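In our numbering, the protein residues as written are 20 to 313.
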C-alpha cells in the first residue's frame, strides 16, 4: 500500500483527489493549517502545519517518509525550496499543482509545455506576497526542477470549474445574468481552456500511478469563446445577459482577456490521459449552478 502525503486536500479538486485515493485504499495523510474541517473522518490521518513557516515545516516532517507527495498549496519559490530540502531522501515522487498562469502574457495561440521552460528559468527567491500568482508558480516550478533530488511532475491546470469552486468565478457570471447586472468583456471572441474538478483530481491520480515526470498540461478537450460561454449561461438561466464590451472596469469578467488563452493537452494524451471534452460537462455544470441560485 502506497503511503501518500497530500499538502492541502480539504477543498475543491484537492478534496476530490483525496476521495479518489481513499476509494483505492491508499494510506493517506493530509497536511493543512487546520482551518478548514475535513470530511474524511478516520479514513485519513491529518498533520496540522503552517506551510509558510519553514522551521515548523521542517520539524513536523523531519522523521517522515512517503511514497508520493501531492503539493496543492505551494505558491512561491521559498516554499518550493523548503520542500526540496525537507523531503530530500523522503519521497519517491512529488506532484506539484501548477497552472496555465505560468504562460501569462502568451496569448493568441495554443500553448504547449515548451512555451515555458522551468529548467532554464532564472530563479529569484521570495514569498508568495512578493510575486504575482503566475510568477510565483513559474519560480516554484524552476526551483523544483533544479533543486529537487526526487522526481517531480508539475501539473499545469487551466481554470478549474466545479459546483463547489470556492473562487466562484463561473458562479459570478451566472449570478450576473440572473440578477440583470452588467458583465464586461474586452473581447467576446477570445477562447479559453478549462478543466472540471473531477478531471483535475483524476489527472493528479494518473500522475501518481504513471511514470511521468516534468511539466504536463492537463486541460479539457476543446475551448470555448466568451460569447459561447455567455450563450450557454443565457440558455440555462432563460434570460439575456447584460454584456458590455470595452476596457477593464469594476464589472469586468474574471475570464476577460484581449486574446485567446488556452493549452494543448497533446503531451498528456500521448502519456495516456485524455480529459473529458469541455462541452460534455460545462453545459450541465452551468445548469446545476443556475438551479442552485434559483
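From the three backbone atoms N, C-alpha and C, an ideal C-beta is built for every residue, glycine too. On a predicted model such as this, the values are computed, not experimentally measured, just so you know.
Exercise. To which residues of the same chain is residue 94 closer than 6 Å at the C-beta, ignoring the five residues directly before and after it?
Worked result: Translated into the one-based positions of the chain shown, residue 94 becomes position 75. Only 147 and 155 meet the Cβ criterion.
For this session: Leaving out five residues on either side along the sequence, give the residues of the same chain with a beta carbon under 6 Å from the beta carbon of residue 197.
Result: Along the chain shown, one-based indexing puts residue 197 at 178. Same-chain partners within the cutoff: 256 and 312.
Problem set entry | Beta-bridge partners of residue 321, as assigned by DSSP | The question about residue 321 has no answer here: the residues shown for the chain are numbered 20 through 313.
Problem set entry | residue 175 versus residue 234: straight-line alpha-carbon distance, rounded | Taking the chain shown and counting its residues from 1, the one referred to as residue 175 is at position 156. Taking the chain shown and counting its residues from 1, the one referred to as residue 234 is at position 215. CA-to-CA, the gap between residue 175 and residue 234 works out to about 7 Å.
Problem set entry | Those residues which DSSP pairs with residue 233 across a bridge | Locating residue 233 in the chain shown gives position 214, counting from the first residue. For residue 233, which the question treats as bridged, DSSP gives the partners 172.
Problem set entry | Residue of 253, 78, 181 and 101 minimising C-alpha distance to residue 168 | Your numbering for residue 168 matches position 149 in the chain shown. Closest in C-alpha terms to residue 168, from the list 253, 78, 181 and 101, comes 101.
Exercise. Hey, residue 23 and residue 76: beta-carbon distance below 9 Å or not?
Worked result: Position 4 of the chain shown, counting from 1, holds the residue named residue 23. Position 57 of the chain shown, counting from 1, holds the residue named residue 76. Result no, Cβ atoms of residue 23 and residue 76 do not sit closer than 9 Å.
Exercise. Cβ atoms of residue 91 and residue 25: under 9 Å apart, would you say?
Worked result: Residue 25 sits at position 6 when you count from the first residue of the chain shown. Residue 91 sits at position 72 when you count from the first residue of the chain shown. Yes, the pair counts as a contact, with Cβ atoms nearer than the cut-off.
Exercise. Would residue 243 be called buried (16 or more neighbouring beta carbons within 10 Å of its own) or exposed?
Worked result: Translated into the one-based positions of the chain shown, residue 243 becomes position 224. Per the 10 Å Cβ criterion, buried.
Exercise. Quick one: what's residue 122 bridged to in DSSP?
Worked result: For the purposes of this step, residue 122 is taken as the residue at position 103 of the chain shown. For residue 122, which the question treats as bridged, DSSP gives no partner whatsoever.
Exercise. Out of 104, 51, 74 and 38, which has the shortest C-alpha to C-alpha gap to residue 67?
Worked result: Within the chain shown, the letter at position 48 stands for residue 67. Among 104, 51, 74 and 38, the Cα nearest to that of residue 67 is on 51.
Exercise. Got a sec? Which residues, its chain only, sit under 6 Å from residue 290 by beta carbon, not counting five neighbours each side?
Worked result: Working through the chain shown from its first residue, we reach residue 290 at position 271. Only 231 meet the Cβ criterion.
For this session: Please state whether DSSP places residue 185 in a helix, a strand or coil.
Result: As a working mapping, residue 185 is identified with position 166 in the chain shown. Coil.
Exercise. If you drop the 5 nearest sequence neighbours on each side, which residues of the same chain put their C-beta closer than 8 Å to that of residue 199?
Worked result: Against the chain shown, residue 199 aligns to sequence position 180. Counting only Cβ-Cβ distances below 8 Å, and skipping sequence neighbours, we find 258 and 261.
Problem set entry | Residues near residue 224 by beta carbon distance below 6 Å, same chain, minus five either side | On the chain shown, position 205 is the one that residue 224 refers to. The residues are 39.
Exercise. Within this structure, are the beta carbons of residue 44 and residue 37 separated by less than 9 Å?
Worked result: The count along the chain shown starts at 1 and reaches residue 44 at position 25. The count along the chain shown starts at 1 and reaches residue 37 at position 18. Contact check for residue 44 against residue 37 fails: the beta carbons are separated by 9 Å or more.
Exercise. From 180, 281, 288 and 303, pick the residue whose C-alpha is nearest to that of residue 124; which is it?
Worked result: The residue given as residue 124 occupies position 105 in the chain shown. Closest in alpha carbon position to residue 124, among 180, 281, 288 and 303, is 281.
Exercise. Taking the alpha carbon of residue 138 as the point to measure from, which residue in 229, 107 and 173 has its own alpha carbon closest?
Worked result: As a first step, residue 138 is located in the chain shown; it is residue number 119 there, counting from the start. Here the closest residue by C-alpha is 173.
Problem set entry | Collapsed DSSP secondary structure at residue 82 in the structure displayed | The residue you call residue 82 lines up with position 63 of the chain shown. Coil, per DSSP.
Problem set entry | Residues of its chain near residue 205, where Cβ-Cβ distance is below 6 Å and the 5 sequence neighbours each way are ignored | Counting from 1 along the chain shown, the entry for residue 205 is found at position 186. For residue 205, where only same-chain residues beyond five positions count, the Cβ hits under 6 Å are 275 and 277.
For this session: Measure the Cβ-Cβ separation of residue 222 and residue 177 and say whether it is below 9 Å.
Result: Counted from its first residue, the chain shown places residue 222 at position 203. Counted from its first residue, the chain shown places residue 177 at position 158. Going by C-beta atoms, residue 222 is not nearer than 9 Å to residue 177.
For this session: Enumerate in chain order the residues of its own chain whose CB-to-CB distance from residue 164 is below 7 Å, with the five nearest sequence positions on each side excluded.
Result: Residue 164 sits at position 145 when you count from the first residue of the chain shown. So the list reads 137, 138 and 171, once near-sequence residues are dropped.
Problem set entry | Inter-residue Cα distance where the pair is residue 179 and residue 119 | Residue 179 sits at position 160 when you count from the first residue of the chain shown. Residue 119 sits at position 100 when you count from the first residue of the chain shown. For residue 179 and residue 119, the distance between alpha carbons rounds to 10 Å.
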